[in-house]
RNA sequence: GGCCCCGUCGUCUAGCGGUCAGGACACCGGUCUUUCAAGCCGGCAGCACGGGUUCGACUCCCGUCGGGGCUACCA
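Residue numbers (the working numbering): 827 to 1342.
Now the structure itself:
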């Protein structure tokens, strides 16, 4: 691999990390890792009015949660945004940690001199010019053009050939110029998109874009081009909404004399109504899913399968991170936008809960158990091997092994396991009424309680033997005993196998519940 | 409106001229079982439409329709 792959994710800190951004970031990450390249994080914070500290932190946290570690970019080192802290203040504290990589700074607001320098070159070579039109004048011009029936209103070109005197006059008026790229009306600008093939635009459709705003800040277009070029980005992998931004950007690369990178435009994530995913569709921030109890591994897997597939008749759906990295290819990225549909995510999350390492699952569930008061906030004694003490990891692991296949999201653990950890668990009144009310059942349970108290080893087999033998004696199907026993021990009619459940609960708790 | 992108089951998708159009989620049956869940078996369901090209089109071309994106001194 002669030239190393360098890709980037370039979010703006104007809102919490969106699943669409995470999707794009994921594809960049997979592409970089697959090729042994570099994944860069750059913060596009040139819109000073909309930046927030919380957004910036959510970018760091969101990417980290998904496991999308960046090779170059900010070094936040876990610095947390303080309550009510301004973006600037938080930025300064993050900056104090230094940055990863040699192509920085990785915040656009820290790169202003770079934009000025390149803008000056364009100005000097005549490829760009100062425009003194005010936003109001531009708006008016657009209106006039529309009124005249012009299909695609463009910049009038009024400032394209200003004489020195005219410029001086504008300056004297107190006007602040912006910088525009001089775009020819002739010819065609085309590129070979890595997922869509050749895409062409007529140059006459392309406006004289603004490079630097009158406040001296770069526009998005100029910022990306200068940064992508200077950071030696080889592949620009971004959302489909940027397709029509690409030709003007290519023109900028050419004007600046930079090599043009490869482009790959990814399909968008849509809501159920096929519109670009937005707040209206419910949760769009990645944290909403984390908070709901989605595992990062499941989200990673799920997101990868929207807009990409392993192809070639592959029917596998569950992939480890490593498998995804190994198989990822832009060639199998689909062109059509996909709907972000939670049903499959739910299934996938449940699948991960069922299949993941039990110890890891316990770690993931611990906070929920603690919040619910089922386990103490102090760390559960990980050294203890007492399997019957509900305060040990050993016990919690046995509980999870039994209950995890009924969980779809992590918080389900509370509802599924409460009766294992406390005697004060909720009881289903209807179940109690149905299975425990009549005198005959009570009598049978008393007999069972006595016999169970006599068994030597409290194991699945011995428990089952006692119950089935008694059922035989009284000429009843075992189910007639099993159901009441379950309600008595767990307060509900559903759950793991009764004997497994009782074995984990232990003799003491079961007998106690049977005498209640 | 203009420019651009896209169009296979409800959803995510495989397909890259000749397939009974495959898989997954969801849904519906059945099975296993002490319940639920999981598992297993089976079912429902799709090439937007119209023209071409071709011996042969889901696949190639054109058009129509539909959806989406862009059209800012936002990113």
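Glycine included, each C-beta is placed from N, C-alpha and C at the ideal position.
Entirely within the segment 1257 to 1333 and at least 4 residues each: give me those alpha helix (DSSP H) ranges in chain order. 1265 to 1280, 1286 to 1299, 1305 to 1316, 1324 to 1331
Local conformation of residue 955 per DSSP, three classes: strand
Specify, as a first and last residue, the run of the beta strand (DSSP E) that residue 934 falls within. No beta strand (DSSP E) contains residue 934, which DSSP labels as neither H nor E.
Proximity of residue 960 and residue 1017 at Cβ, strictly below 8 Å: no
Can you round the beta-carbon distance between residue 1199 and residue 1253 to whole angstroms, since I take them to be within the 8 Å contact cut? No, residue 1199 and residue 1253 are not in contact; Cβ-Cβ is about 17 Å, not under 8 Å.
Under 8 Å: do the segment 872 to 886 and the segment 833 to 840 share three or more Cβ pairs, one atom per stretch? yes
Whole angstroms is fine: what's the gap from residue 1195's alpha carbon to residue 1039's? 53 Å
Bounding residues of the alpha helix (DSSP H) (the contiguous stretch that carries residue 846): 845 to 860
Just to confirm, is the Cβ distance from residue 1133 to residue 1092 under 8 Å? yes
Just to confirm before moving on: does the CB-CB distance between residue 1330 and residue 1308 stay below 8 Å? no
Go to residue 1088, then tell me how far its beta strand (DSSP E) extends in each direction, as first and last residue. 1088 to 1092
Please go through the same chain and pick out, in chain order, the residues whose beta-carbon is closer than 7 Å to the beta-carbon of residue 1245, but skip the five residues on each side of it. 1251, 1316, 1317
Coarse secondary structure for residue 1241, derived from DSSP in three states: helix
Considering residue 1061, what are the terminal residues of the beta strand (DSSP E) in which it resides? 1061 to 1065
Within this structure, are the beta carbons of residue 1312 and residue 1321 separated by less than 8 Å? yes
Taking residue 1188 and residue 1223 to be in contact with their CB atoms under 8 Å, please state how far apart those CB atoms are, rounded to whole angstroms. 6 Å
Tell me whether residue 1010 is buried or exposed, calling it buried when 16 or more other Cβ atoms sit within 10 Å of its Cβ. exposed
Could you spell out where the beta strand (DSSP E) holding residue 1024 opens and where it closes? 1023 to 1028
Give me the Cβ distance between residue 1107 and residue 1097, rounded to the nearest whole Å; I'm assuming they're in contact under 8 Å. 3 Å
The beta strand (DSSP E) that contains residue 1004, what's its start and end? 1004 to 1007
Tell me whether the beta-carbon of residue 949 lies closer than 8 Å to the beta-carbon of residue 1005. yes
Determine the burial state of residue 1074: buried for a count of at least 16 other Cβ atoms within 10 Å of its Cβ, exposed for fewer. buried
Residue 998: first and last residue of the uninterrupted alpha helix (DSSP H) it sits in: 990 to 998
Between the segment 1169 to 1188 and the segment 1023 to 1041, do at least 3 Cβ pairs fall closer than 8 Å? no
I'd like the list of long-range same chain contacts for residue 933, defined as Cβ closer than 8 Å, with 5 residues on each side in sequence excluded. 868, 869, 871, 900, 917, 921
Contacting residues, own chain, Cβ-Cβ under 7 Å from residue 1002 (five flanking each side not counted): 1040
For residue 1155 and residue 857, I'd like the C-alpha separation in whole angstroms. 7 Å
Just to confirm, is the Cβ distance from residue 1090 to residue 1019 under 8 Å? yes
Enumerate in chain order the residues of its own chain whose CB-to-CB distance from residue 1339 is below 7 Å, with the five nearest sequence positions on each side excluded. 1314, 1315
Indicate whether residue 1065 and residue 1094 have their beta-carbon atoms separated by less than 8 Å. yes
Tell me whether the beta-carbon of residue 864 lies closer than 8 Å to the beta-carbon of residue 898. yes
Helix, strand or coil: how does DSSP classify residue 1014 here? strand
If distances are taken between C-alpha atoms only, which option among 970, 1049, 1160 comes closest to residue 873? 1049
Let me make sure I understand the geometry here. Which of 1121, 1262, 1145, 1297 has the alpha-carbon closest to that of residue 888? 1121
Contacts around residue 1084, its chain only, beta-carbon distance under 6 Å, and the 5 residues preceding and following it disregarded: 1055
By the three-class DSSP mapping on this structure, what secondary structure does residue 1164 have? strand
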